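Enquirer: Could you have a look at this structure, given as structure tokens, before my questions?
There are 2 protein chains.
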Amino acid sequence: MAELSARSGLPVATIKYYQRERLLPPGRPTAPNQAEYGDGHVRRLRLVRVLIEVGGLGIAAVRAVVDALADETVPLHELLGTAHYALGPPVPEEANSGEATAAAAEVQTFLDGLGWRVSREAPARRALASALVALRRLGRDVDASVFEPYARVADDIAAWELERIPDERRATRTEIVESAVIGTVVYEAVLVALRRLAQEHRSAARFGTV
Amino acid sequence: MAELSARSGLPVATIKYYQRERLLPPGRPTAPNQAEYGDGHVRRLRLVRVLIEVGGLGIAAVRAVVDALADETVPLHELLGTAHYALGPPVPEEANSGEATAAAAEVQTFLDGLGWRVSREAPARRALASALVALRRLGRDVDASVFEPYARVADDIAAWELERIPDERRATRTEIVESAVIGTVVYEAVLVALRRLAQEHRSAARFGTV
Chain A
45 MAELSARSGL
55 PVATIKYYQR
65 ERLLPPGRPT
75 APNQAEYGDG
85 HVRRLRLVRV
95 LIEVGGLGIA
105 AVRAVVDALA
115 DETVPLHELL
125 GTAHYALGPP
135 VPEEANSGEA
145 TAAAAEVQTF
155 LDGLGWRVSR
165 EAPARRALAS
175 ALVALRRLGR
185 DVDASVFEPY
195 ARVADDIAAW
205 ELERIPDERR
215 ATRTEIVESA
225 VIGTVVYEAV
235 LVALRRLAQE
245 HRSAARFGTV
Chain B
45 MAELSARSGL
55 PVATIKYYQR
65 ERLLPPGRPT
75 APNQAEYGDG
85 HVRRLRLVRV
95 LIEVGGLGIA
105 AVRAVVDALA
115 DETVPLHELL
125 GTAHYALGPP
135 VPEEANSGEA
145 TAAAAEVQTF
155 LDGLGWRVSR
165 EAPARRALAS
175 ALVALRRLGR
185 DVDASVFEPY
195 ARVADDIAAW
205 ELERIPDERR
215 ATRTEIVESA
225 VIGTVVYEAV
235 LVALRRLAQE
245 HRSAARFGTV
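So the sequences go chain by chain: A and B.
If you read the first sequence in this note's numbering, its first letter stands for residue 45, the second for the next number, and so on.
If you read the second sequence in this note's numbering, its first letter stands for residue 45, the second for the next number, and so on.
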């Protein structure tokens with residue numbers, strides 16, 4: 045256990061907590077109060093840390109991912125979906141109003157038009173619907189077509205991001221999930237930050253000099 | 045005041061609170077306990093609402109924007125900068141470690157390479173630096189060049205977003221700031237959501253069928 049702590053960089057107390065919460069399987073007992081841990085445990089701990097620290101997941105959400113991971117009958121796509129949905133984005137509170145339902149239907153039509161295969165449960169759908177509702181409340185007369193240029197860009201990004209995720213010939217399921225989660229969360233922050241900086245740069249170019 | 049409430053859709057108590065907080069100028073007194081409000085007040089209230097409800101700004105941050113707005117000697121670019129920076133992204137706590145300082149220097153070199161004119165105070169810089177730190181802590185051997193494809197995309201997006209913001213020939217300063225804030229915040233959520241959906245769609249295409 046001390047060795048596992050050293051290799052994972054996590055305090056023993058944290059590792060024991062994860063074990064009690066069933067996020068990490070027990071080691072192979074070698075003596076009373078002694079157990080052996082392997083590379084699988086180190087990898088699992090790293091994934092759990094990524095989900096919690098990078099993805100901001102709660103314990104229950106991590107457990108859902110870990111359970112799907114342990115069950116080899118769960119197809120990889122479904123496993124990735126479990127992790128992906130747990131990452132959010134958080135669903136806005138007022139997602140059940142009449143306007144929100146109408147907006148959700150418009151989002152569906154829009155996604156159909158793109159030919160995207162996306163589950164009905166995807167949290168990001170509701171984020172789109174609520175953006176539409178927000179814009180209208182602000183007096184903007186918009187429909188889902190305002191999303192079009194963003195969808196094109198998003199699809200380009202996703203295409204080359206997906207290529208960087210290893211497949212089952214080159215990596216374990218744990219590593220694939222870890223890679224997908226890091227890609228989704230960390231590079232989302234990168235994209236958002238770079239868009240802000242690009243806006244500032246271009247705003248300087250347009251408004252800065254009179 | 046009752047009319048202003050009806051036109052802005054905000055309760056009288058909220059409008060009075062904004063006035064006490066100096067977010068809204070007083071009306072023109074017409075009688076004791078009576079004042080006249082104009083279109084400028086309605087526009088201002090809409091902007092304040094956008095900053096708080098869409099941008100998530102606190103009262104002090106809104107006041108900074110409103111003060112810059114009222115001071116006609118503040119150039120538009122600086123005014124937009126005040127609003128833009130108040131929007132975040134929030135700066136990660138551990139932004140002052142040695143790794144973070146090194147990462148910030150790498151971000152500077154990277155931005156120089158792009159030729160972007162960006163203030164040293166831009167919060168998004170620190171978001172980039174901390175993404176670099178996070179990736180390294182996760183064992184990824186990366187440098188700022190991993191940002192490159194995202195920077196290209198972000199610059200394309202910012203270019204056509206900036207075009208949609210009206211200029212001083214067509215809109216008041218209040219309207220320009222409002223448009224910029226809505227564009228930055230609401231369409232950031234749209235971009236993030238669409239990237240997630242595109243990832244799911246492409247993940248289905250790649251991992252979904254065996």
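Think of the CB as a built atom: it goes at the ideal place given N, C-alpha and C, for glycine as much as any other residue.
Keep in mind it's a predicted model, so treat the numbers as computed, not measured.
(1) For Thr228 (chain A), return the contacting residues in chain B, with the cut-off set at a CB-CB distance below 9 Å.
(2) Taking Val98 (chain B) as the query, report the chain A residues whose CB atoms sit under 9 Å from its CB, ordered along the chain.
(3) Kindly indicate the opening and closing residues of the beta strand (DSSP E) around Pro73 (chain B).
(4) Spell out whether any CB of chain A is found under 8 Å from the CB atom of Gly252 (chain B).
(5) Mind checking Val56 (chain B): buried by the 16 CB within 10 Å criterion, or exposed?
(6) Report yes if the C-beta distance between Leu131 (chain B) and Arg217 (chain B) is below 8 Å; otherwise report no.
(7) Between which two residues does the alpha helix (DSSP H) holding Glu244 (chain A) run?
(8) Identify the contact partners of Glu116 (chain A) in chain B, using a Cβ-Cβ distance below 8 Å as the criterion.
(9) Can you tell me the Cβ-Cβ gap for Glu212 (chain A) and Leu120 (chain A), rounded? I've got them flagged as a contact below 8 Å.
(10) Locate the beta strand (DSSP E) running through Glu65 (chain A), then write down its first and last residues.
(11) Does the stretch 174-190 of chain A come into contact with the stretch 214-233 of chain B, if we say contact requires no fewer than three beta-carbon pairs (one atom in each stretch) closer than 8 Å?
(12) Please check if any C-beta of chain B sits within less than 8 Å of the C-beta of Val197 (chain A).
(13) When the Cα of Pro73 (chain A) is compared with those of A:Leu67, A:Arg66, A:Gly82, A:Glu65, which residue comes out closest?
(14) Determine which residues share a DSSP beta bridge with Glu97 (chain A) and list them.
(15) If you count every other CB in all the chains shown that lies within 10 Å of the CB of Ser163 (chain B), and 16 or more means buried, which is it?
(16) Could you tell me the distance, in whole angstroms, from the CA atom of Leu108 (chain B) to the CA atom of Ala224 (chain B)?
(17) What in chain B is Cβ-close to Asp200 (chain A), meaning under 8 Å?
(18) So that I know if they touch, is there some Cβ in chain A lying closer than 8 Å to that of Tyr61 (chain B)?
(19) Can you tell me whether Gln243 (chain A) is buried or exposed, with buried defined as 16 or more other CB within 10 angstroms of its CB?
(20) Looking at Pro167 (chain B): is its Cβ nearer than 8 Å to the Cβ of Tyr129 (chain B)?
(21) Where does Glu80 (chain B) fall in DSSP's three states?
(22) For the stretch 205-216 of chain A, which residues have a beta carbon sitting closer than 7 Å to at least one beta carbon of chain B?
(23) Would Glu47 (chain B) be called buried (16 or more neighbouring beta carbons within 10 Å of its own) or exposed?
(24) State the Cα-Cα distance for the pair Asp199 (chain A) and Leu91 (chain B), rounded to the nearest angstrom.
(25) Spatial neighbours of Glu65 (chain A) within its chain, please: C-beta separation below 6 Å, excluding the five flanking residues on both sides.
(26) With 8 Å set as the bound, which would you pick, yes or no: does the beta-carbon of Asp85 (chain B) sit closer than that to a beta-carbon of chain A?
(27) Can you check whether the C-beta of Ser141 (chain B) is within less than 8 Å of a C-beta belonging to chain A?
(28) Along chain B, which residues have their Cβ under 8 Å away from the Cβ of Val194 (chain A)?
Expert: The short version:
(1) The residue given as residue 228 (chain A) occupies position 184 in the first sequence. Chain B residues near Thr228 (chain A): Arg239, Arg240, Gln243.
(2) Counted from its first residue, the second sequence places residue 98 (chain B) at position 54. Neighbours of Val98 (chain B) on chain A, chain order: Ala178, Leu182.
(3) Indexing the second sequence from 1 puts residue 73 (chain B) at position 29. Unbroken beta strand (DSSP E) run through Pro73 (chain B): 72-75.
(4) The sequence position of residue 252 (chain B) within the second sequence is 208, counting from 1. Yes, Gly252 (chain B) lies at the interface with chain A (some Cβ there is under 8 Å from its Cβ).
(5) Residue numbering aside, residue 56 (chain B) sits at position 12 when the second sequence is read from its first letter. Exposed, by the Cβ-count rule.
(6) Translated into positions along the second sequence, residue 131 (chain B) becomes position 87. Translated into positions along the second sequence, residue 217 (chain B) becomes position 173. No.
(7) Translated into positions along the first sequence, residue 244 (chain A) becomes position 200. Note, Glu244 (chain A): alpha helix (DSSP H), 217-247.
(8) Start at 1 with the first residue of the first sequence, and residue 116 (chain A) comes out as number 72. Neighbours of Glu116 (chain A) on chain B: none; closest Cβ ~13 Å, over 8 Å.
(9) By one-based count along the first sequence, residue 212 (chain A) stands at place 168. By one-based count along the first sequence, residue 120 (chain A) stands at place 76. Contact holds; Cβ gap of about 7 Å.
(10) Along the first sequence, one-based indexing puts residue 65 (chain A) at 21. Counting along the chain, Glu65 (chain A) falls outside any beta strand (DSSP E), and DSSP gives it neither H nor E.
(11) yes
(12) In the first sequence, the residue the question calls residue 197 (chain A) occupies position 153. Yes, its Cβ sits closer than 8 Å to a Cβ of chain B.
(13) As a first step, residue 73 (chain A) is located in the first sequence; it is residue number 29 there, counting from the start. Residue A:Gly82 is the option with its Cα nearest to Pro73 (chain A).
(14) On the first sequence, residue 97 (chain A) is found 53 positions in, with the first residue counted as 1. According to DSSP, which records beta bridges pairwise, Glu97 (chain A) is partnered with nothing at all.
(15) Residue mapping note: residue 163 (chain B) aligns to position 119 of the second sequence, counting from 1. Classification of Ser163 (chain B): exposed, given that the 10 Å Cβ count is below 16.
(16) Start at 1 with the first residue of the second sequence, and residue 108 (chain B) comes out as number 64. Start at 1 with the first residue of the second sequence, and residue 224 (chain B) comes out as number 180. Checking the displayed sequence, the identity of residue 108 (chain B) turns out to be Ala instead of Leu. Going from the Cα of Ala108 (chain B) to the Cα of Ala224 (chain B) covers about 16 Å.
(17) Translated into the one-based positions of the first sequence, residue 200 (chain A) becomes position 156. Here the neighbours are Val197.
(18) For this step, residue 61 (chain B) is matched to residue 17 along the second sequence. For Tyr61 (chain B), the answer is no, since every Cβ of chain A falls outside 8 Å of its Cβ.
(19) If you number the first sequence from 1, residue 243 (chain A) lands on position 199. Its Cβ being crowded by 16 or more others within 10 Å, Gln243 (chain A) is buried.
(20) In the second sequence, counting from the first residue as 1, residue 167 (chain B) sits at position 123. In the second sequence, counting from the first residue as 1, residue 129 (chain B) sits at position 85. Cβ distance < 8 Å, so Pro167 (chain B) and Tyr129 (chain B) count as in contact.
(21) Residue 80 (chain B) sits at position 36 when you count from the first residue of the second sequence. Residue state, collapsed to three classes: strand.
(22) Glu205, Leu206
(23) Reading the second sequence from its first residue, position 3 is the one you call residue 47 (chain B). When all chains shown are included, Glu47 (chain B) counts as exposed.
(24) Reading the first sequence from its first residue, position 155 is the one you call residue 199 (chain A). Reading the second sequence from its first residue, position 47 is the one you call residue 91 (chain B). Between Asp199 (chain A) and Leu91 (chain B), the C-alpha separation is close to 33 Å.
(25) What you label residue 65 (chain A) is simply residue 21 of the first sequence in a count that begins at 1. These residues qualify, in order along the chain: Ile103.
(26) If you number the second sequence from 1, residue 85 (chain B) lands on position 41. The sequence shown places His at residue 85 (chain B), not Asp. No - not a single Cβ of chain A is within 8 Å of the one on His85 (chain B).
(27) Your numbering for residue 141 (chain B) matches position 97 in the second sequence. Judged by the 8 Å Cβ criterion, Ser141 (chain B) is not in contact with chain A.
(28) Along the first sequence, one-based indexing puts residue 194 (chain A) at 150. Rather than Val, the amino acid found at residue 194 (chain A) in this sequence is Tyr. Neighbours of Tyr194 (chain A) on chain B, chain order: Ile201, Tyr231, Val234, Leu235, Leu238.
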